[in-house]
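J.: Those letters in the sequence shown? Residues 21 to 478, per the numbering used here, in order. Beta carbons are placed, not taken as given, at the ideal position from N, Cα and C, and that holds for glycine. What you are looking at is a predicted structure, and each value in this text was computed from that prediction instead of being measured. Right, I'll just put the structure down here and ask away after.
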Amino acid sequence: MATRAAAEMPASVPPLSDERQVAWPKRIKARLANGLAVVLVESHTIPKFHGELFLRSGNAAASQHAPGLAEMTATVVRTGTAKRPSRQIEEDLRRLGADLSSHAGADNSAIAFAGLSELAEPLLELVSELAREAAFPEPEFERERRQRLEEVKLDRTQPGFLASERLRKVLFGAHPYAHVAPTEEQVAAYKLGDLLSVYRDFYTPENAMVLMVGDFDSAAMLKTIEKVFGAWTGKKPAIPAAPEPVKPSGRRVHLVHVPGAVQAQILAGCHAITRKHPDWIKLALINSLYGGAFNSRLVMNIREDKGYTYSPRSSVNPLRQYGYFSISAAVRNDVVAASLTEIFYELDKLRALPVPEPELADARNYVSGVFSLGLATQDGLLSQLATVALNDLPDDYLETYREKVRILTPDDLLSTARKYFDSANMQIIVVGDRTQIEPQAALFGDLDVYDAQGKRLN
Numbered sequence: 021m022a023t024r025a026a027a028e029m030p031a032s033v034p035p036l037s038d039e040r041q042v043a044w045p046k047r048i049k050a051r052l053a054n055g056l057a058v059v060l061v062e063s064h065t066i067p068k069f070h071g072e073l074f075l076r077s078g079n080a081a082a083s084q085h086a087p088g089l090a091e092m093t094a095t096v097v098r099t100g101t102a103k104r105p106s107r108q109i110e111e112d113l114r115r116l117g118a119d120l121s122s123h124a125g126a127d128n129s130a131i132a133f134a135g136l137s138e139l140a141e142p143l144l145e146l147v148s149e150l151a152r153e154a155a156f157p158e159p160e161f162e163r164e165r166r167q168r169l170e171e172v173k174l175d176r177t178q179p180g181f182l183a184s185e186r187l188r189k190v191l192f193g194a195h196p197y198a199h200v201a202p203t204e205e206q207v208a209a210y211k212l213g214d215l216l217s218v219y220r221d222f223y224t225p226e227n228a229m230v231l232m233v234g235d236f237d238s239a240a241m242l243k244t245i246e247k248v249f250g251a252w253t254g255k256k257p258a259i260p261a262a263p264e265p266v267k268p269s270g271r272r273v274h275l276v277h278v279p280g281a282v283q284a285q286i287l288a289g290c291h292a293i294t295r296k297h298p299d300w301i302k303l304a305l306i307n308s309l310y311g312g313a314f315n316s317r318l319v320m321n322i323r324e325d326k327g328y329t330y331s332p333r334s335s336v337n338p339l340r341q342y343g344y345f346s347i348s349a350a351v352r353n354d355v356v357a358a359s360l361t362e363i364f365y366e367l368d369k370l371r372a373l374p375v376p377e378p379e380l381a382d383a384r385n386y387v388s389g390v391f392s393l394g395l396a397t398q399d400g401l402l403s404q405l406a407t408v409a410l411n412d413l414p415d416d417y418l419e420t421y422r423e424k425v426r427i428l429t430p431d432d433l434l435s436t437a438r439k440y441f442d443s444a445n446m447q448i449i450v451v452g453d454r455t456q457i458e459p460q461a462a463l464f465g466d467l468d469v470y471d472a473q474g475k476r477l478n
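Structure (structure tokens):
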């Protein structure tokens with residue numbers, strides 16, 4: 021008897037339609053006399069615009085002061101200027117119908133904003149004030165520091181965080197990229213003067229770029245930006261020297277003991293490449309085949325076939341100086357060894373055998389489709405353009421991306437998998453109750469055990 025699902029399946033799957041052409045919008049690039057880089061892209065779909073002021077320094081550069089300090093600086097920047105207290109900023113944003121946020125990552129800090137095109141100038145004036153005249157009020161700093169302390173405490177209860185923290189330490193050693201987040205002690209030791217030092221060093225026009233996408237005339241918007249930001253001064257900060265990352269040799273298992281955990285978080289990883297590397301597109305495509313897409317081999321194996329986990333995935337993680345490849349899955353305690361076996365089976369299969377052409381064609385369509393969807397909105401286009409600008413990629417990178425995906429062959433992907441899916445030297449992190457999972461984890465390499473605070477237990 022046919023199942024309901026089978027009965028409802030169409031007799032044949034219609035072929036995909038031809039890939040739509042992308043109408044690339046008008047763009048201009050400029051640099052103000054003070055060194056501020058400007059990228060403007062016209063998109064007249066709605067009467068709005070999205071923008072970001074990027075500072076090319078983040079937590080890695082600030083680590084000479086303390087881990088996570090650029091992120092804390094970006095948070096407090098948002099809380100007031102010499103002209104406007106926090107409440108006034110919120111009232112002005114409501115009046116303008118605008119959104120504004122600030123954040124920082126490993127390599128960049130940013131002030132993101134969006135609003136109505138006709139009210140662009142007053143919103144840009146607020147962004148300029150935050151970049152040039154942030155007040156760093158002591159009560160706001162103390163409030164944000166207390167909140168960050170609570171967040172850090174919560175992080176230490178999250179298996180995903182503990183796994184990510186341990187993998188970064190294992191792969192990067194003494195390099196600043198080893199720090200995912202500060203400890204409670206480090207946050208407690210933050211001083212307002214530390215934030216002011218980071219602000220003075222990082223928030224300068226020679227270290228900055230304004231990128232805007234929206235319903236405006238580029239020539240007129242450039243004049244507005246010159247008017248608003250032209251008096252901003254400051255040099256590009258020196259890039260602090262950093263130790264080379266460690267190069268782990270041989271598989272090793274790093275177990276983070278969480279007593280009573282009812283499941284285990286697996287995270288495996290190895291060094292990879294940055295966005296500027298010529299192999300990036302090949303690696304992104306083979307990653308989508310392995311575990312980067314919902315119909316990938318890893319998902320079909322340990323989710324759909326074996327039911328070990330709900331959402332396994334793999335990722336290529338590019339930072340400015342280095343990159344790394346990672347595989348993650350949250351699994352039941354009793355299938356840790358079985359899950360790792362299948363993770364490495366699928367990895368080694370891609371290193372051993374060429375991808376069949378029909379499967380490769382599906383992967384090409386998936387990667388090209390995701391890319392095209394990312395261009396469909398103003399903020400999506402901004403994100404794609406920011407990737408190009410912040411990574412110093414060629415000006416035609418977006419225009420030629422889909423063609424570069426389409427020409428990749430099974431041999432290209434086989435050589436890429438052999439080069440970057442470093443199975444023999446993969447570092448394996450398992451977070452869970454050691455009494456439940458240690459014997460299984462130990463099957464895959466020499467074992468180190470830590471507690472949730474990072475203290476070694478063996």
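Does the distance from the CB of Ser238 to the CB of Ile48 come in under 7 angstroms?
T.: Start at 1 with the first residue of the sequence shown, and residue 238 comes out as number 218. Start at 1 with the first residue of the sequence shown, and residue 48 comes out as number 28. Yes, the pair counts as a contact, with Cβ atoms nearer than the cut-off.
J.: Near Lys247, which residues of its chain fall below 6 angstroms by C-beta distance, leaving aside the five closest residues on each side in sequence?
T.: Stepping through the sequence shown from its first residue, residue 247 is reached at position 227. Nothing meets the Cβ criterion.
J.: Do Tyr328 and Val356 have their C-beta atoms closer together than 7 angstroms?
T.: Within the sequence shown, the letter at position 308 stands for residue 328. Within the sequence shown, the letter at position 336 stands for residue 356. No.
J.: Which ranges would you report for the beta strand (DSSP E) in the stretch 280-325 if only whole runs of at least 3 residues count?
T.: Runs of the beta strand (DSSP E) inside the stretch 280-325: 283-291.
J.: For a test of the three-state rule: what should DSSP assign to Arg107, helix, strand or coil?
T.: On the sequence shown, position 87 is the one that residue 107 refers to. The answer is helix: DSSP assigns Arg107 an H, G or I state.
J.: Would you check if there are 3 or more beta carbon pairs closer than 8 angstroms linking the stretch 372-383 to the stretch 328-348?
T.: At 8 angstroms Cβ cutoff, the stretches do not touch.
J.: Taking only three categories from DSSP, how would you classify Leu191?
T.: Taking the first residue of the sequence shown as 1, we reach residue 191 at position 171. Three-state result, Leu191: helix.
J.: Do Phe74 and Arg229 count as a contact pair if the criterion is CB distance below 7 angstroms?
T.: Position 209 of the sequence shown, counting from 1, holds the residue named residue 229. Position 54 of the sequence shown, counting from 1, holds the residue named residue 74. First, the amino acid is wrong: residue 229 is Met here, not Arg. Yes, these two residues count as a Cβ contact at 7 angstroms.
J.: Verify the CB distance criterion: does Asp299 have a CB-CB separation below 7 angstroms to chain D?
T.: Given the protein chain composition of this structure (a single chain), no chain D is represented.
J.: When DSSP builds the beta bridges, which residues end up paired with Arg352?
T.: Position 332 of the sequence shown holds residue 352. Partner(s): Gln283.
J.: Relative to the C-alpha of Leu182, which candidate in Val276, Glu162, Glu138 and Glu264 has its C-alpha closest?
T.: Against the sequence shown, residue 182 aligns to sequence position 162. Comparing Cα positions, the closest option is Val276.
J.: Taking one C-beta from the stretch 270-287 and one from the stretch 446-456 each time, how about it: are there three or more such pairs within less than 8 angstroms?
T.: Enough Cβ pairs lie closer than 8 angstroms, so yes.
J.: In this structure, how does DSSP classify Gln84 when only helix, strand and coil are distinguished?
T.: Counted from its first residue, the sequence shown places residue 84 at position 64. Reduced to three states, the DSSP call for Gln84 is coil.
J.: Which class does Arg476 belong to by DSSP, given the choice of helix, strand or coil?
T.: Residue numbering aside, residue 476 sits at position 456 when the sequence shown is read from its first letter. Note: Arg476 maps to strand in three-state DSSP.
J.: Using a Cβ distance threshold of 8 angstroms, determine whether the stretch 119-136 contacts the stretch 86-95, with at least three qualifying pairs required.
T.: Segments in contact, yes.
J.: Starting from Asp221, trace the beta strand (DSSP E) both ways and give me its first and last residue.
T.: Along the sequence shown, one-based indexing puts residue 221 at 201. Not the beta strand (DSSP E): Asp221 falls in the alpha helix (DSSP H), residues Leu212 to Phe222.
J.: Which residues mark the beginning and the end of the alpha helix (DSSP H) in which Gly400 is found?
T.: Position 380 of the sequence shown, counted from the first residue, corresponds to residue 400. Run containing Gly400: Gln398 to Leu410, per the alpha helix (DSSP H) assignment.
J.: Are the CB atoms of Gly78 and Ser137 within a distance shorter than 7 angstroms?
T.: Locating residue 137 in the sequence shown gives position 117, counting from the first residue. Locating residue 78 in the sequence shown gives position 58, counting from the first residue. Against a cut-off of 7 angstroms, the Cβ pair of Gly78 and Ser137 comes out as no contact.
J.: Should the stretch 140-152 be regarded as contacting the stretch 412-432, the criterion being three or more beta carbon pairs within less than 8 angstroms?
T.: They do not touch, by the three-pair rule.
J.: With C-beta atoms as the reference, is Ala198 less than 7 angstroms away from Asp175?
T.: In the sequence shown, counting from the first residue as 1, residue 198 sits at position 178. In the sequence shown, counting from the first residue as 1, residue 175 sits at position 155. Against a cut-off of 7 angstroms, the Cβ pair of Asp175 and Ala198 comes out as no contact.
J.: Is there contact between the stretch 211-231 and the stretch 383-395, where contact requires at least three CB pairs shorter than 8 angstroms?
T.: The stretch 211-231 is not in contact with the stretch 383-395.
J.: For Glu72, I'd like the list of residues in its chain whose CB is within less than 6 angstroms of its CB, leaving aside the five on either flank, ordered along the chain.
T.: Your numbering for residue 72 matches position 52 in the sequence shown. Ala130, Ala132 and Leu231.
J.: Please confirm whether Arg271 and Asn411 have their CB atoms less than 7 angstroms apart.
T.: As a first step, residue 271 must be located in the sequence shown, where it is residue number 251. As a first step, residue 411 must be located in the sequence shown, where it is residue number 391. Not a contact, by the Cβ cut-off of 7 angstroms.
J.: Helix, strand or coil, according to DSSP, for Pro338 in the structure here?
T.: Sequence index remark: in the sequence shown, residue 338 carries index 318 (1-based). Pro338 falls in the strand class under three-state DSSP.
J.: Ignoring anything shorter than 3 residues or poking outside the stretch 237-280, list the beta strand (DSSP E) runs there in chain order.
T.: Here the runs fully enclosed are 272-277.
J.: Could you give the DSSP three-state label for Val200: helix, strand or coil?
T.: Walking along the sequence shown from the start, residue 200 turns up at place 180. In this structure, Val200 counts as coil in the three-state DSSP scheme.
J.: What is the C-beta distance between Ala313 and Leu303, in whole angstroms, given that I count them as a contact (C-beta under 8 angstroms)?
T.: For the purposes of this step, residue 313 is taken as the residue at position 293 of the sequence shown. For the purposes of this step, residue 303 is taken as the residue at position 283 of the sequence shown. No, Ala313 and Leu303 are not in contact; Cβ-Cβ is about 14 angstroms, not under 8 angstroms.
J.: Could you please give the first and the last residue of the uninterrupted beta strand (DSSP E) stretch that includes Leu467?
T.: Stepping through the sequence shown from its first residue, residue 467 is reached at position 447. It spans Asp466 to Tyr470 - the beta strand (DSSP E) in which Leu467 sits, taken as one unbroken run.
J.: My output table needs one value for Phe161: the three-state DSSP class, helix, strand or coil.
T.: For the purposes of this step, residue 161 is taken as residue 141 along the sequence shown, with counting starting at 1. Helix at Phe161.
J.: Taking 7 angstroms as the cut-off, decide whether the C-beta atoms of Val266 and Ile448 are in contact.
T.: On the sequence shown, position 246 is the one that residue 266 refers to. On the sequence shown, position 428 is the one that residue 448 refers to. Going by C-beta atoms, Val266 is not nearer than 7 angstroms to Ile448.
J.: Within its chain, find whatever has a CB closer than 6 angstroms to the CB of Glu185; leave out the 5 residues flanking it on each side and keep chain order.
T.: Taking the sequence shown and counting its residues from 1, the one referred to as residue 185 is at position 165. Cβ neighbours of Glu185 beyond the five flanking positions: Val200.
J.: When you compare the CB positions of Pro263 and Ala194, do they come within less than 7 angstroms of one another, or not?
T.: Translated into the one-based positions of the sequence shown, residue 263 becomes position 243. Translated into the one-based positions of the sequence shown, residue 194 becomes position 174. Their beta carbons are under 7 angstroms apart, which means Pro263 touches Ala194 by this criterion.
J.: Quick check on DSSP: helix, strand or coil for Arg166?
T.: Taking the sequence shown and counting its residues from 1, one reaches residue 166 at position 146. The answer is helix: DSSP assigns Arg166 an H, G or I state.
J.: Is Ala132 helix, strand or coil by DSSP?
T.: Residue 132 sits at position 112 when you count from the first residue of the sequence shown. Strand.
J.: Please classify Ala86: is it buried, with 16 or more other beta-carbons within 10 angstroms of its beta-carbon, or exposed?
T.: If you number the sequence shown from 1, residue 86 lands on position 66. Buried, because 16 or more other Cβ atoms sit within 10 Å of the Cβ of Ala86.
J.: Mind checking which residues open and close the alpha helix (DSSP H) that includes Leu139?
T.: Here the question's residue 139 lines up with position 119 in the sequence shown. Careful: Leu139 lies outside any alpha helix (DSSP H) and carries neither H nor E.
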